[in-house]
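> Mind looking over this structure? Questions follow.
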Amino acid sequence: MLFQIALGSVLILTTIVAGSLSLYLVEIVLWRVHGWLLREPHWPKMFIMVMAASLWALGLMGVCVWLWASAFRALSVFPTWELAVYFALETFTTLGFGDVLAPPRWRILAGMAAANGLLNFGLMTAVLMEGVRDLRIRQSRSRSSRQGHRAGHEEV
C-alpha cells in the first residue's frame, strides 16, 4: 500500500512538472506572438489560440496517460501495452467503463491515476479559460485604444 501511494505521488508530481514546463513553453510562444494576437481581426486569432491551447492540453494529457501506462506495464499490472494504455486512459479520464479492472492489489494506484486525471483536467481547463479571458480583455483594450487614438486624430 505505501509503495503504491509513494509511486502514485511521484507520478502525480511528474505530471504536474510536465504540465508546468509545457505551460512555460506555451507562455514563451504567446509572448512572441503577442502583438499579432492583438491586431485586427480578432476572431480568427481567438479561434487559432483556442485550437492551439486545446491541442496543447490534449498532448499533455496524452503524455500523462502514457506515463501512467508505462508504470502499469513496468509493474506488470497488465500483460499488454494496449490494455495498459486503455486502462490508463479510461482511469485518467475517470470514465470507468469497468470492462478492464486493475487487479485488487493495484487498486490504490489506479485510484491515484484517477485523482491525477481529475487534477490535470481541472488545471488544464482553468489555464485554457484564463488564456481565453486574458486574450479577450487585451484585444478589447487594444481595440479601444486604437479607436481612441483615431478619434484624437480626427479632432485635429
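Numbering-wise, the sequence shown is residues 24 to 179 according to the working numbering. Beta carbons are placed, not taken as given, at the ideal position from N, Cα and C, and that holds for glycine. Values in this document were obtained by computation on a predicted structure and should not be read as measured data.
May I ask you to report which of helix, strand or coil DSSP gives Arg161?
The residue labelled residue 161 in the question sits at position 138 within the sequence shown. Here Arg161 sits in helix by DSSP.
> Looking at C-beta atoms only, is the number of pairs between the region 79-89 and the region 51-66 that lie closer than 8 Å three or more?
Not touching, per the Cβ criterion.
> Run the CB neighbour count on Ala107, radius 10 Å, all protein chains shown included, and call it buried at 16 or more, exposed below.
Position 84 of the sequence shown holds residue 107. Ala107 comes out buried.
> Could you spell out the range, first to last residue, of the alpha helix (DSSP H) harbouring Val73?
Locating residue 73 in the sequence shown gives position 50, counting from the first residue. First-last of the alpha helix (DSSP H) with Val73: 65-97.
> Locate the alpha helix (DSSP H) running through Thr37, then write down its first and last residues.
Indexing the sequence shown from 1 puts residue 37 at position 14. 25-55 is the span of the alpha helix (DSSP H), which, as asked, contains Thr37.
> If you draw a straight line from the alpha carbon of Val100 to that of Arg62, how long is it in whole angstroms?
Taking the sequence shown and counting its residues from 1, the one referred to as residue 100 is at position 77. Taking the sequence shown and counting its residues from 1, the one referred to as residue 62 is at position 39. Cα-Cα distance, rounded: 52 Å.
> Can you give the beta carbon distance from Ala125 to Phe110, rounded, assuming they're within the 8 Å contact cut?
Translated into the one-based positions of the sequence shown, residue 125 becomes position 102. Translated into the one-based positions of the sequence shown, residue 110 becomes position 87. Indeed they touch by this definition, with Cβ atoms about 7 Å apart.
> Going by C-alpha to C-alpha distance, which of Ala133, Ile51, Gln162 sits closest to Gln27?
Translated into positions along the sequence shown, residue 27 becomes position 4. When each option's Cα is compared against that of Gln27, the closest is Ala133.
> Starting from Thr114, follow the alpha helix (DSSP H) in both directions and report where the run begins and ends.
Along the sequence shown, read from residue 1 onward, the residue named residue 114 stands at position 91. That run of the alpha helix (DSSP H) goes 104-115.
> Using the C-alpha atoms, what's the distance from Arg130 back to Ala97?
Start at 1 with the first residue of the sequence shown, and residue 97 comes out as number 74. Start at 1 with the first residue of the sequence shown, and residue 130 comes out as number 107. Computed Cα separation, rounded: 16 Å.
> Have a look at Ser165 and Met152 and give me their C-alpha separation to the nearest angstrom.
Along the sequence shown, read from residue 1 onward, the residue named residue 165 stands at position 142. Along the sequence shown, read from residue 1 onward, the residue named residue 152 stands at position 129. So the two alpha carbons sit approximately 20 Å from each other.
> Whose C-alpha, out of Pro102, Thr103, Arg128, Ala137, is nearest the C-alpha of Val112?
Counted from its first residue, the sequence shown places residue 112 at position 89. The amino acid at residue 112 is misidentified as Val; the sequence shows Leu. Measuring from the Cα of Leu112, the nearest candidate turns out to be Ala137.
> Would you identify the three-state DSSP class for Val150, choosing helix, strand or coil?
As a first step, residue 150 is located in the sequence shown; it is residue number 127 there, counting from the start. In the structure shown, Val150 sits in a helix (DSSP, three-state: H, G or I).
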